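Reading through the structure tokens given below for one structure.
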């Protein structure tokens, strides 16, 4: 019995999808927005070089995640954070430096995400976001995460700048869509996996709007913490949540072994 429990624990590499997960996801993606902007704009490194640096960081942290044999909150959320920061600069590089524009960039990234999910489904016969049973499935999972966070950045920029909605209008639209997804989750028979990826993409621009609130000046409706100050605030919140999650996870695993 003990050996069976150990096998089950080792296969448990992803967090449960709870309210805490979504709060941490919004914090991580907002931190990715402010952190990516701090590197590319405040430090004036540029979108291309920032993307190279952050993609390198993502690959290193992902390598560590792939060799772990069970869910480690610190490592998992570092990978999420890496996809978010890299996604911010990659999206800005595509949309601004390459001149593709937000609409075209969003369309390309949406195609990449859908293609990844289709190949994942036909290859693994599953799109589970709570139970990964192979290294290949985990690679598909993180590829989809990277594309979804990058898409979320481009989509948020499109809504805020090109659509005419502005930051407040974009935030209202995204918030309304997220509420609809929650209602569909509880009161419809739509695939929970489809709803998960829709929510995952939309929480990215939702987090970006929160990031704008922290970084913009009071004249623009913000709190004027700046990119560095906002990043520190968000990092502190995320760190507290990761510590709490780690403590609870250890308690649950100890109970399973008793």
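In the working numbering, the protein residues as written are 1 to 258.
We put the beta carbon where it would ideally sit given N, CA and C, even for glycine.
Owing to the predicted nature of the structure, the values given are computational and were not obtained by experimental measurement.
Roughly how many angstroms separate the alpha carbons of residue i and residue j, rounded to a whole number?
i           : j           : result
residue 224 : residue 217 : 4 Å
residue 255 : residue 245 : 15 Å
residue 198 : residue 183 : 13 Å
residue 43  : residue 17  : 35 Å
residue 178 : residue 234 : 21 Å
residue 108 : residue 138 : 23 Å
residue 13  : residue 131 : 7 Å
residue 33  : residue 242 : 19 Å
residue 49  : residue 88  : 13 Å
residue 105 : residue 236 : 32 Å
residue 39  : residue 52  : 12 Å
residue 165 : residue 136 : 40 Å
residue 7   : residue 69  : With a pLDDT of 37 at residue 7, under the threshold of 50, the predicted position of this residue should be treated as unreliable, though the coordinate-derived value follows. Their Cα atoms are separated by approximately 10 Å.
residue 173 : residue 156 : 11 Å
residue 119 : residue 170 : 31 Å
residue 64  : residue 141 : 15 Å
residue 196 : residue 202 : 10 Å
residue 23  : residue 161 : 26 Å
Relative to the C-alpha of residue i, which candidate in the options has its C-alpha closest?
i           : options            : result
residue 250 : 131, 71, 60        : 71
residue 115 : 21, 144, 161       : 144
residue 163 : 102, 122, 152, 176 : 102
residue 151 : 64, 46, 47, 92     : 92
residue 98  : 46, 129, 54, 75    : 46
residue 95  : 119, 154, 61       : 154
residue 299 : 239, 185, 175      : The chain is shown from 1 up to 258; residue 299 falls before or after that span and cannot be answered.
residue 231 : 24, 22, 31         : 31
residue 117 : 90, 147, 81, 202   : 147
residue 25  : 57, 59, 36, 77     : 77
residue 56  : 149, 66, 23, 82    : 82
Identify whether residue i lies in helix, strand or coil by the three-state DSSP scheme.
i           : result
residue 94  : helix
residue 5   : Note that residue 5 scores 35 on pLDDT, short of 50, meaning its location in the model is unreliable; the coordinates nonetheless yield the value given after this. Of the three classes helix, strand and coil, the one that applies to residue 5 here is helix, per DSSP.
residue 127 : coil
residue 189 : coil
residue 118 : helix
residue 239 : helix
residue 139 : helix
residue 224 : coil
residue 100 : coil
residue 164 : coil
residue 134 : coil
Looking at chain E, is there any beta carbon in it that lies within less than 8 Å of the beta carbon of residue i?
i          : result
residue 29 : This model lacks chain E altogether; it includes just one protein chain.
Which complete alpha helix (DSSP H) runs does the region 26 to 74 hold, if anything under 4 residues is left out? As far as the region 26 to 74 is concerned, its whole alpha helix (DSSP H) runs of at least 4 residues are 47 to 67.
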